[in-house]
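Remarks on the structure that follows.
Residue numbers (the numbering used here), protein chains in the order written: chain X, 197 to 655; chain Z, 197 to 655; chain V, 197 to 655.
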């Protein structure tokens, strides 16, 4: 069987966080999620994840991917190191297995890379294959030393001979083993070193000593080896992941003007000829149809039709038909359905409402818990008063109705087709077809009041 | 005569779009616009543009620049390739002409580069001059091979000898011909190759064969050769163009804090000591005077005076005098004139209105179709009710008037100087100088109602 | 004594600005501020700043750091150059002093670099030490020439021999002198050159001629030498400074998703596990507690508790307790105190108000000069009418009160606990506990009015 061990017990004190390292998120998902997702897609028969102090917090997500969980002891005095974490998985591995060992904090590895790596390992009939990469700046990574192109050894940074030249091929710390090679080498590692740490890397030299065929596979894409140790790494990995995803979207026909400030959920469906500009977040299972343009907006679980234009707005859990224009500065809250050709203007909020074809709410209004017909005009300052202090009620507004400025519609109330509600009215009773409804006192003008009151200002 | 042929018939299937490639936009203008604009500025006597399936969509913009249009057949079985596209222009070219051939999808070439390139061609008395560039990563471009510094040939990527070293000097595919050299070589090209494609590049080898003097001119600025094949290219070209334009603006004395998220129309006039910060779009023929600061805003066809401060706002087709403060979250719609020292605050919209010196609308208001005097106070929630369901009317508010909160001004209505409108009033009749106007019922307090209604909550 | 001379008299015509170069700001502070701040922190006994035409404008900030100011003459015909500017400080320096000479337009030098540089100078017992750096692109900087690793001379760009190879080690123009070496060399410089300019660099060759021990110290961090000559330099320095600061914040446990568009005042306190996303400005002495998330917002002099979530908002000079949610599109103006669990929603403004635990203002409201109790519901469109045309008054709203939609609260007015204000009412008189208050006319429905008025539209 093809098995994967994911070592995810490390706490990551350099993250400076209450949260365990592998639970930190990039692109909206925990590090461990990204890895398990890639490993899952690569088609392993069994995944074993090693957790530690983060067992309770990380267990659920790990099990969601069908991984077995092994808990590494973390009491003071417990043995530690990547080698120890791998060793406690020995019982899960048989001699005939193929085994990938990787880490919970290298979130950029993708299923394609794993597949290519595994194919290489198989085709070369290797016993152990190191995943390596060529880096411009190899930093503190251990280096791969080759002789006539053949893998010879891994030299750690601290053991590098200053008089020798080393290539920029680094050890990612990710290894593929034949089960037997793993079992024979992992028992030999020890903590006989200054840090008293069991190191998985030691299996490589041990394997060579036991005459196993050890080799290194150079990943095409060098960022797959990037690991997270602090927040800057987290940021750099997020950048790399988002750049990769946005490039795919661009190639698929989506125009992204500012990819470095655009986040698109991998589950979103964005059709050809959609344009995204400025700070854009598209979260969840959103769908955006061809020809729509989104600027500086947050879109969460939305279905947006063709040729819509959404500017500087925040929209959640709603459906928008074709040719709708929102914003700037609109808010669409959950449960709304906006029919085609409707217009939601500046400082307008709509929530849990149906808004009919060609209807308009141009400015400063709140439409909540309402069913609004076609070609309705919602004036500026209109409030659908849906809450009476105890519970919420719905309002119905018929086709072609005219709701004057600053009108309050106190729900439950029904406004029939073509009704006209005068500006400033608070409407508590139903209004029938073609009726005018007005709630207003008489305007009184009191001459000279401003002078008497001492408010007069000279021009 | 100095003539240019622009080959713009390609559809660009990798764009994944309903739109023809050359009509895709960068920095708000189609690719073909950028090219024609540079060619126009470089002072050609005649421009000939070859269009294909995009003839109907692209014709207008091409003719706007005074270019002749030639339609390339695109029926199944029609010959194709850059060579064929150039060949159908033969009748337009005479032996005495100088001829530039370029493409509709390389939008970064500028008039200065064309001029330098042409001068080189003339000064060297070349018959054919290839435009080349040195690229860090030459990708799939054909390479220029030189012998003792002299141009020898172009080697296509697929024909490169893996045992030879090639320089990073690439063929842009852009050529300058003496008319005779063009006419003599273009007739010789054929489609005798696996793709059955007429290739313009073949003229170079043919020209050498005919003992014409062929040379290559290395462009100073390597990005001028960047072409667009997919959306990522479109994005990269847009970045390069915007960076170039923003650098010019910075050198001219404009402070741009976030150039990668700032777009300024080349037609805009931005004076020294203007500051731009965050996501800024300045569109159309806007003018921004010295000392003004624009943050996270969209400015379209605006004239903005000195020392204004505009934050998180969207402003169109209006005039703003000196020292005006907008936002955050203000909306200026077309036809407005805001006098000096006025203040438009958060969640305020103004449309087609004059707003006098020192007047204030601090919060949550809509001023539409109005003439507002000096030192007027527009309260929160005020609505200028300009639409009666049939047509729009204007409102006049005199100097020093005080418009109370949530007041509706039902147009047409005139409020004279120093008038005071009480909060919550709907004003339908004119109010004279120094008068108080109030439309309000009596406040009734009904004790114990909350308890009887079951709404009382324990503290 | 350890003294620093800062040469800050240059006008910087390439800035294209009314403002003197050293007064241009990066990261919200003038260039000269950054330098004086670093010099101050590095612990000098005395700072001498040379100003020129900018004397009146720059004097205050220079003296704020306790620097002596020397005014360089700038009349036509006055001698000029860095050498002359240093020379007029001669009287301030004695033979026993140690002296650093630097510039008002190299804002990236930090106290740590100065300390390391000074320690090197001392430890090597140098008479003169040049601050150098290794640059990828040395541009027009003068180059350090060494012989067997020992400093030999500085060669200016214009004097470089095209047949010789020069290293990328450049002269920053910053020097450390023993007082005697300074006094002995500075008197020797002259303006016997085509530009008639006294050049400080000449002291180096003169010092070598006088057998002083001259050496160069290579700065670890090459950006410390970046100087500002035009707005692009200003932008590049700002980028470098912000990147440096944001990296520190990340390492300290703050998650910054878009560091290139995030500005954090060095005086701000940001705890671990705070997340910043999008365009974020944190200005002044703000405090943000652990677990809070800020998106696309401006935060100025705010104290923000734990686990708050602030989206697309602008907040100033206020205190926010734990677990408060703002936005999108909220405005917090100075003097507000928002208790824990409160919610301020879209298009809501709060100013100079206390807002109690668990109270909500969900949409389109203005709360100004108010004391609002616990669990209060502020309806949509509510206005706290705090201004009567003459002065501002306060409003009190008791616990559990319900303020209906579009209500005006005309201050001064007191609404007691559990009171209920009906939608659309203008409240001018106090309302007692558990009372309903309503100010409203009767709703009149006039059948057929829409048809008679000609407003009926066919469905």
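Quick reminder that beta carbons are idealized off the backbone N, C-alpha and C, glycines included. Just so it is clear, the structure is predicted and the values come from calculations on it, not from any experiment.
Should residue i be flagged as near chain X, meaning a C-beta pair shorter than 7 angstroms?
i: residue 614 of chain Z; result: yes
i: residue 557 of chain V; result: no
i: residue 601 of chain V; result: yes
i: residue 545 of chain Z; result: yes
i: residue 418 of chain Z; result: no
i: residue 582 of chain V; result: no
Would you mind sorting residue i into buried or exposed? The rule is 16 or more other CB atoms within 10 Å of its CB.
i: residue 606 of chain Z; result: buried
i: residue 304 of chain Z; result: buried
i: residue 298 of chain Z; result: buried
i: residue 260 of chain V; result: exposed
i: residue 360 of chain V; result: exposed
i: residue 290 of chain V; result: exposed
i: residue 383 of chain V; result: exposed
What's the gap between the Cα of residue i and the Cα of residue j?
i: residue 321 of chain Z; j: residue 452 of chain X; result: 45 angstroms
i: residue 368 of chain Z; j: residue 329 of chain Z; result: 7 angstroms
i: residue 306 of chain X; j: residue 555 of chain Z; result: 60 angstroms
i: residue 301 of chain Z; j: residue 470 of chain X; result: 20 angstroms
i: residue 617 of chain V; j: residue 640 of chain Z; result: 10 angstroms
i: residue 590 of chain X; j: residue 578 of chain X; result: 15 angstroms
i: residue 373 of chain V; j: residue 387 of chain V; result: 21 angstroms
i: residue 525 of chain X; j: residue 444 of chain Z; result: 32 angstroms
i: residue 566 of chain Z; j: residue 546 of chain Z; result: 9 angstroms
i: residue 516 of chain V; j: residue 226 of chain X; result: 29 angstroms
i: residue 484 of chain V; j: residue 447 of chain V; result: 16 angstroms
i: residue 602 of chain V; j: residue 582 of chain Z; result: 20 angstroms
i: residue 277 of chain Z; j: residue 404 of chain Z; result: 21 angstroms
DSSP puts residue i in a beta bridge; with which residues?
i: residue 342 of chain Z; result: Z:347
i: residue 632 of chain X; result: X:616 and V:642
i: residue 511 of chain Z; result: Z:495 and Z:528
i: residue 264 of chain X; result: X:244
i: residue 605 of chain Z; result: Z:580 and Z:623
i: residue 458 of chain Z; result: Z:476
i: residue 545 of chain Z; result: Z:527 and Z:562
i: residue 573 of chain X; result: X:556 and X:598
i: residue 567 of chain Z; result: Z:550 and Z:592
i: residue 413 of chain Z; result: Z:327
Any beta-carbon of chain Z closer than 7 angstroms to the one on residue i?
i: residue 514 of chain X; result: no
i: residue 360 of chain X; result: no
i: residue 636 of chain X; result: yes
i: residue 469 of chain X; result: yes
i: residue 630 of chain V; result: yes
Please check if any C-beta of chain V sits within less than 7 angstroms of the C-beta of residue i.
i: residue 576 of chain Z; result: yes
i: residue 604 of chain X; result: yes
i: residue 643 of chain Z; result: yes
i: residue 646 of chain Z; result: yes
i: residue 598 of chain Z; result: yes
i: residue 542 of chain Z; result: yes
When you measure from the CB of residue i to every non-hydrogen atom of the ligand FMN, does any distance come out below 6 angstroms?
i: residue 523 of chain X; result: Questions concerning the ligand FMN fall outside what the structure shown contains, since it holds no ligand whatsoever.
task: Can you check the region 350-409 of chain Z for any beta strand (DSSP E) of at least 3 residues that lies completely inside it and give the ranges in chain order?
output: 365-374, all fully within the region 350-409 of chain Z.
- request: Could you name each continuous beta strand (DSSP E) segment of 3 residues or more that falls completely within the region 259-334 of chain Z, going from the start of the chain to the end?
  value: Listed in chain order, they are 264-267, 294-299 and 324-330.
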